[in-house]
Amino acid sequence: PDTAVSKALVFGMTVWISCLVSSPGNEWRGYALQQKGRELPFREYFQPTSFLRSSGVGSTIMGVALAIGMLVTSGVETLLLFVRANLLIVLGLLVFVAAVTLFRRLARTRSSKGA
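Note that the working numbering has the sequence shown beginning at 309, numbered continuously upward.
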């Protein structure tokens with residue numbers, strides 16, 4: 309993979325496959341760690357449709373989340389470097405936006421009470 313998108317795609321697919329491959333072990337661990345006295349037989353504990361659905365959904369969420377995280381990391385790093393270099397300006401803008409928001413909310417509250 310040469311581009312950032314292709315690298316993230318390969319990474320996401322690798323995570324997805326890894327989660328799917330390891331899911332039977334996770335299911336077995338859950339079966340082995342059942343509460344004593346309340347154990348279910350394997351055929352009752354293991355429900356193939358539930359297993360496939362939860363493994364598929366869980367691995368897809370993990371793969372997509374990590375791939376997107378890999379894509380946005382460089383942009384976030386750049387933004388944080390800018391914020392660090394211009395901390396006073398950024399803080400000033402945040403205070404300004406907060407003040408404008410507060411004054412608008414107060415004006416709206418006053419106008420609704422006067423009506």
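Positions of the beta carbon are idealized from the N, C-alpha and C atoms, including for glycine. These numbers come from a predicted model, not from an experiment.
Host alpha helix (DSSP H) of K315 (start-end): Your numbering for residue 315 matches position 7 in the sequence shown. That run of the alpha helix (DSSP H) goes A312 to A340.
Classify R346 as helix, strand or coil using the three-state DSSP reduction. Within the sequence shown, numbered from 1, the residue matching residue 346 stands at position 38. If DSSP states are grouped into helix, strand and coil, R346 belongs with coil.
Once you ignore the five residues that flank S367 on each side, which residues in its own chain have a CB closer than 6 Å to its CB? Numbered from 1 along the sequence shown, position 59 holds the residue referred to as residue 367. Around S367: W324, C327 and L328.
Nearest-angstrom Cα separation, counted from S358 out to F350: Position 42 of the sequence shown, counted from the start, is the residue given in the question as residue 350. Position 50 of the sequence shown, counted from the start, is the residue given in the question as residue 358. Distance between the alpha carbons of F350 and S358 is about 14 Å.
Could you pull the start and end residues of the alpha helix (DSSP H) that P309 belongs to? Numbered from 1 along the sequence shown, position 1 holds the residue referred to as residue 309. Per DSSP, P309 belongs to no alpha helix (DSSP H) and is neither H nor E.
Within the same chain, show all residues whose beta-carbon is closer than 6 Å to that of V398, passing over the 5 residues directly before and after it, in chain order. Taking the sequence shown and counting its residues from 1, one reaches residue 398 at position 90. Residues V391 of the same chain have their beta carbon placed closer than 6 Å to that of V398, with the five preceding and five following residues left out of the count.
DSSP three-state call for F404: helix, strand or coil? On the sequence shown, residue 404 is found 96 positions in, with the first residue counted as 1. Helix, per DSSP.
Give the single residue among I369, M378 and Q343 whose Cα lies nearest to the Cα of F319. As a working mapping, residue 319 is identified with position 11 in the sequence shown. If we check each option's Cα against that of F319, M378 comes out closest.
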